[in-house]
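In this note's numbering, the protein residues as written are 5 to 262.
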């Protein structure tokens, strides 16, 4: 899932006509394919496809805006392309999570399949970046933000399943609360050291939420699983918060984590 890098260098240049914009434009095709299939599998209105495309467009604008100066490619680089593929699975799920209606058992299995593939691919982009020498702070941030967004989407889907109360949204929402806290409390803007605990927690939350979506999982076990995951997450955020408070947003820095 993650890679630790020591510089903010862009990926190495390489041959080929590919460009970041070209990679992002190509990513619209699988987004449309997954969105159309999801629309059919979940019996959603065509507005689902439009919303998924809108989300992809918004993500594309952010990616292009955050590209570091002198980003040489080729394209987004192999690891970032894989993260982009993951996004083409996550964004149609996000669109489905906010549209009204009830999901059938087949629909839940489809969403579980998409989520499982997205989570599984998350373990490949880091090794690919290290093997190809294309680590970058940009790629680390892209991967991290997509992970966080996937957890938020899964939390919303679990809530919509009716098995768990609205509190399950905290599983995906705590990270955003933490970020917002940094806007008003300077210690939250401090840099955290690399942590295997943090990486494991991300994986655990994703697995638990996907399990909770399973049609074969009753409400009570789903609530227990989700509550346990939330408690672990609160503990993890508590450890990070205590570290930031103790250092008072000091001079320690961390290498980006992909």
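All C-beta atoms, glycine included, are put in the ideal place defined by N, C-alpha and C.
Task: Rounded separation between residue 53 and residue 45 - CA only - done: 13 Å
- [ ] Taking 8 Å as the cut-off, decide whether the C-beta atoms of residue 230 and residue 212 are in contact.
- [x] yes
Open item on the list: Going by DSSP in three states, residue 192 sits in which element: helix, strand or coil?
Closed with: Three-state result, residue 192: helix.
Task: Three-state secondary structure assigned by DSSP to residue 253 - done: With a pLDDT of only 48 at residue 253, under 50, the local geometry of the prediction cannot be trusted, and the value read off the model is given with reservation. Coil, per DSSP.
- [ ] Report the rounded CA-to-CA distance for residue 145 versus residue 71, giving the unit in angstroms.
- [x] 11 Å
Task: Classification of residue 60 by the beta-carbon crowding that lies within 10 angstroms, buried from 16 upward - done: buried
- [ ] Give the single residue among 184, 48, 250, 237 whose Cα lies nearest to the Cα of residue 107.
- [x] 48
- [ ] Could you tell me if residue 115 is buried or exposed, where buried requires 16 or more neighbouring beta carbons within 10 angstroms of its beta carbon?
- [x] buried
Task: Every unbroken alpha helix (DSSP H) within the segment 76 to 143, with a cutoff of 4 residues, ordered by chain - done: 82 to 102, 109 to 125, 129 to 136
- [ ] Flag this pair as yes or no: are the beta carbons of residue 104 and residue 38 separated by less than 8 Å?
- [x] no
TODO: Note down, in chain order, each residue of its chain lying with its Cβ closer than 6 Å to the Cβ of residue 165, except the 5 sequence neighbours on either side.
DONE: Cβ neighbours of residue 165 within its own chain (closer than 6 Å, five residues either side excluded): none.
Task: Reference residue 101, options 110, 150, 162, closest by Cα - done: 162
TODO: Return the CA-CA distance between residue 57 and residue 87, expressed in angstroms with no decimal places.
DONE: 17 Å
Open item on the list: Restricting to Cα atoms, I'd like to know which of 130, 43, 175 is closest to residue 55.
Closed with: 43
Task: Own chain, CB closer than 7 Å to residue 234, minus 5 neighbours either side, in chain order - done: 174, 175
Task: residue 138 beta carbon less than 8 Å from that of residue 81 - done: yes
TODO: Determine the DSSP secondary structure at residue 23, reduced to helix, strand or coil.
DONE: coil
Task: 8 Å CB neighbourhood of residue 208 in its chain, flanking five on each side removed - done: 233, 236
TODO: Quick one: residues in its chain with C-beta nearer than 6 Å to the C-beta of residue 219, no 5 flanking neighbours on either side, listed in chain order?
DONE: If we look at residue 219 and ignore the five residues flanking it on each side, its Cβ neighbours are 109, 112.
Open item on the list: With a threshold of 6 Å on Cβ separation, who are the neighbours of residue 181 within its own chain once the five nearest residues in sequence on each side are excluded?
Closed with: Take residue 181, set aside five residues on each side of it, and no residue of its chain has a beta-carbon closer than 6 Å to its own.
Open item on the list: Output needed for residue 24: all residues of its chain with C-beta closer than 8 Å, excluding positions within five of it in sequence on either side, in chain order.
Closed with: 67, 68, 71, 75, 77, 79, 80
- [ ] Could you work out which residue in 197, 120, 151, 196 is closest to residue 263 when comparing CA atoms only?
- [x] Residue numbering for the chain in the displayed model covers 5 to 262; residue 263 lies beyond these limits and cannot be assessed.
Open item on the list: I need the straight-line Cα distance from residue 136 to residue 169, nearest angstrom please.
Closed with: 44 Å
Task: Cα-Cα separation between residue 196 and residue 149, rounded to whole angstroms - done: 16 Å
- [ ] If I'm right that residue 94 touches residue 183 with Cβ under 8 Å, what's the distance once you round it to whole angstroms?
- [x] Contact flag wrong, Cβ pair sits at about 19 Å.
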